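Notes follow the structure.
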Amino acid sequence: MTQSCVVDGKTTPGLTALPISLSLSPEHLVVAVPVAVVAAVGGFLVSHYLNGRSCKKGLVNTCISKDSPKVVHSFDMEDIATKAVYCRCWKSKKFPFCDGAHTKHNEETGDNVGPLIIKKKDA
Ligand code: FES
């Protein structure tokens, strides 16, 4: 669809009438550039702040029984044969028992976690 536009009192066919002027004078740029920079920095800071509030920082348990409000295991001492090795890194696929996953975790993160080993006294 072809429209006409009036420029300097003359009708110019083929131009689309725009509701605003797109030309910026140097005076406009002196104001527009700082406003744009402040808006961009402000937007980034607000976004960063809101993301920080929504993320749960410091989670130890990232995957075990996440549908439960608390992960608890209980064992009777009589049920432990001679030795039981329990995971304390929360990375074991056999949780609550250690499967050695702490070794990979320590190598990747520089951490130093390890299992809890419970042995019978005479074992
Ligand atoms: S796998 Fe978690 S402490 Fe060994």
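Be aware that the sequence shown starts at 1, since it is given in the UniProt record's numbering, and climbs by one per residue.
Here a beta-carbon is modelled for each residue, glycine too, at the ideal position from N, C-alpha and C.
All figures in this text were calculated on a predicted structure; none of them were measured in a lab.
Taking the straight line between their C-alpha atoms, what separation do you get for residue i and residue j?
i    : j    : result
G110 : T103 : 10 Å
F97  : N106 : 17 Å
K119 : A81  : 8 Å
K83  : G58  : 31 Å
L116 : S68  : 23 Å
A101 : R88  : 10 Å
H28  : C63  : 54 Å
V46  : S92  : 38 Å
S25  : G43  : 26 Å
Is residue i close to the ligand FES? I mean its beta-carbon at under 7 Å from any heavy atom of the ligand.
i    : result
P96  : no
H102 : yes
S65  : no
K83  : no
V60  : no
K70  : no
S92  : yes
D111 : no
D99  : yes
G114 : yes
Report the option in the options whose CA atom is closest to the CA atom of residue i.
i    : options          : result
F95  : S74, V31, E78    : S74
K66  : N106, W90, K121  : W90
V113 : A39, Y86, K93    : Y86
E78  : K121, E108, A101 : K121
Spell out the partners DSSP gives residue i in its beta bridges.
i    : result
L116 : Y86
F75  : None, per the DSSP bridge assignment.
F97  : Y86
With residue i and residue j assumed to form a contact (beta carbons below 8 Å), what rounded beta-carbon distance in angstroms separates them?
i   : j   : result
V71 : N61 : 6 Å
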